[in-house]
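**Q** Quick note, the sequence shown lines up with residues 776 to 1177 if you use our numbering.
Every residue, glycine too, gets a C-beta built ideally from N, C-alpha and C.
In this text the structure is predicted, and so the values were computed from the model without any measurement.
Provided herewith is a single structure, encoded as structure tokens, for subsequent inquiry.
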Amino acid sequence: MGTNRNGAAMRTARPIGLYVHVPFCQHKCAYCDFYSVVTLEAMERYVEALCREIALRAEFGAANAEVVTVFWGGGTPSLLTPAQVEQIARALSDTFRFASDVEWTIEANPGTISMDKLRLYRQLGVNRLSFGVQSFDEHELRFLERIHTVTEAEEAINSARAAGFDNINLDIMYALPGQEPQRHKRNLERACRLGTDHISAYSLVYEPGTPLYTRRQRGQIIPLNDEQEAMLYAMTVAILEDHGFRQYEVSNFAREGKQCRHNLLYWHRGEYVGFGPSAHSHWENVRWSNVRNIHRYVEALKRGELPIAQKEQLSEQEQRTEYVFLGLRADGIELQSVVEWVGSDHAGDVLRLIEQWAYAGWATIEQGWIHLTSAGYAICDALTVELLDVLDRAHEAIFTHR
């Protein structure tokens, strides 16, 4: 067993992640565009179909694979009954081999959690919780149409600690219409005072098809401008760093040793298998996604068919593009790899661009790796486009002269 570039032990088995999408909500939040439904009657049929899909994926469990991360997202996984949770967990453990130090996360809504559920999660091996708190301000919670209160959020976090969880994430949303800096500051400081281990801080995005998008289009709400949003982002970074968090991705902050390993698997282009409606998978540079409809999902599995909606083999150029945009938003990309892609004739173009970033305070180069700074993270999308443009021009020039 060797070590990786971070000094962590490397596994001889093939490390994979598992994602389970639970597409049920008591109420669809005004900003959410993830696939979910609010009719809970279909939950039992979904669980049966999900277990069938897991069994049909036994080939991945047999491919010298060892599950290093499990993530149940949604929707609201904490709506599942204890019996349903046990049924799904048993299907996974019967099909896949879990690493002894597997990270197992379940997303939970503070309004749907109980001590009994928390104890069951611990008993099954769940060791990380992610609470969709979004805000510690009652007015903001009502605007976002969350079903929980501030008191319920704090009680859920305290209960999770009492149940033995020592790895808890809170989702916090900012850049709400009219949000004042002091209100966002209070949200973050309250989250930190609760002893949180990880915070995912996202600016509000008006996704097409959501109620908030419609209200914005009608002029009923006015979003913050770019300058106001950038100020709140800078405040987020500063406050969380002052409280002992380290930014390791554009929107993610963790205390020492508490980075979300499942997300890192995504950002490092690792292999993972997704189950449930709309779930995505990545295996041997092939990506596929399941149908985004629970009824079509259930019917396909009744027929013994995999519910795949789309599947694609990634080309070398697509793999490189993913490496760049996923790597820049996380812990960086290897400079030598990028230079090798463009060849010696165009290496200077890449180096000049990275030097410009470093001069502007957007990036650093350490031990041959390009890392974005907090200022660089703030404009990550624009920097990614810049670098990809340089790479595309170099490839065009190479093929033109062949």
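Taking phenylalanine 918 as part of the alpha helix (DSSP H), name the residues at either end of that continuous run.
**A** Unbroken alpha helix (DSSP H) run through phenylalanine 918: 913 to 919.
**Q** What does a CB cutoff of less than 7 angstroms around isoleucine 922 pick up in its chain, not counting 5 residues either side in sequence?
**A** Gln801, His802, Asn884 and Gly886.
**Q** Let me check one thing: in DSSP terms, what residues is threonine 856 bridge-paired to?
**A** Note: threonine 856 sits in no beta bridge, so no partner.
**Q** Excluding five sequence neighbours on each side, which residues of the same chain lie with their C-beta closer than 7 angstroms to the C-beta of valine 1125?
**A** Answer for valine 1125: Val1113, Val1114, Val1117 and Val1165, listed in chain order.
**Q** Could you tell me which residues DSSP puts in a beta bridge with histidine 1146?
**A** BP columns for histidine 1146 point to Thr1139.
**Q** Based on Cα-Cα distance, which residue from Gly907, Arg965, Arg894 and Glu915 lies nearest to alanine 937?
**A** That would be Arg894, whose Cα lies nearest to the Cα of alanine 937.
**Q** Below 6 angstroms, is the gap between the Cβ of alanine 837 and the nearest heavy atom of the ligand NAD?
**A** Here there are no bound small molecules, and the ligand NAD is not part of this structure.
**Q** Does DSSP put histidine 796 in a helix, in a strand, or in coil?
**A** In the structure shown, histidine 796 sits in a strand (DSSP, three-state: E or B).
**Q** Determine the extent of the alpha helix (DSSP H) in which phenylalanine 835 is found, giving its start and end residues.
**A** Taken as a continuous stretch (DSSP letters only), the alpha helix (DSSP H) holding phenylalanine 835 covers 833 to 836.
**Q** Taking the continuous beta strand (DSSP E) assigned at aspartate 876, which residues delimit it?
**A** 873 to 883 is the extent of the beta strand (DSSP E) around aspartate 876.
**Q** Using the rule of at least 16 other Cβ atoms within 10 Å of the residue's Cβ for burial, across every protein chain shown, is serine 910 buried or exposed?
**A** Buried.
**Q** Let me check understanding here. Comparing Cα to Cα, which of Leu1128, Asp1106 and Tyr977 lies closest to leucine 1039?
**A** Nearest option by C-alpha distance: Asp1106.
**Q** In three-state terms, what does DSSP make of glycine 1178?
**A** The shown model of the chain, from 776 to 1177, leaves out residue 1178, and the question about it has no answer.
**Q** If you follow the alpha helix (DSSP H) that glutamate 1046 is in, where does it begin and where does it stop?
**A** Premise fails: glutamate 1046 lies in the beta strand (DSSP E), 1046 to 1050, not in any alpha helix (DSSP H).
**Q** Identify, in the order they occur along the chain, each residue of the same chain with its Cβ nearer than 7 angstroms to the Cβ of phenylalanine 1100, setting aside the five sequence neighbours on each side.
**A** Cβ neighbours of phenylalanine 1100 beyond the five flanking positions: Thr1159.
**Q** On the three-state DSSP scale, how would you describe phenylalanine 1100?
**A** DSSP places phenylalanine 1100 in helix when its eight states are reduced to three.
**Q** Which partner residues of histidine 1055 appear in the DSSP bridge assignment?
**A** Note: histidine 1055 sits in a beta bridge opposite Ser1064.
**Q** Give me the Cα-Cα distance between serine 1090 and histidine 1018, rounded to the nearest whole angstrom.
**A** Each residue's Cα considered, the two are about 43 angstroms apart.
**Q** Taking the CB atoms as reference points, tell me whether glutamine 1022 and valine 1012 lie closer together than 7 angstroms.
**A** Yes. Within cutoff.
**Q** Of the choices Ser1026, Gln995 and Ile996, whose alpha-carbon is the least far from that of alanine 1009?
**A** Nearest C-alpha to alanine 1009: Ser1026.
**Q** Checking the sheet assignment: what are the DSSP bridge partners for leucine 945?
**A** In the DSSP output, where bridge partners are listed per residue, leucine 945 has Phe906 and Ile974.
**Q** Tell me whether the beta-carbon of leucine 1103 lies closer than 7 angstroms to the beta-carbon of alanine 824.
**A** No, the Cβ-Cβ distance between leucine 1103 and alanine 824 is not below 7 angstroms.
**Q** Reducing DSSP to helix, strand and coil, say where arginine 789 ends up.
**A** Three-state DSSP puts arginine 789 in a strand.
**Q** Bridge partners for lysine 1033 per DSSP, in chain order?
**A** In DSSP, lysine 1033 forms no bridge with anything.
**Q** Locate the beta strand (DSSP E) running through threonine 844, then write down its first and last residues.
**A** Note, threonine 844: beta strand (DSSP E), 840 to 849.
**Q** Rank Glu929, Ile888 and Gln954 by C-alpha distance to the C-alpha of glutamate 915 and give the top, closest one.
**A** Comparing Cα positions, the closest option is Gln954.
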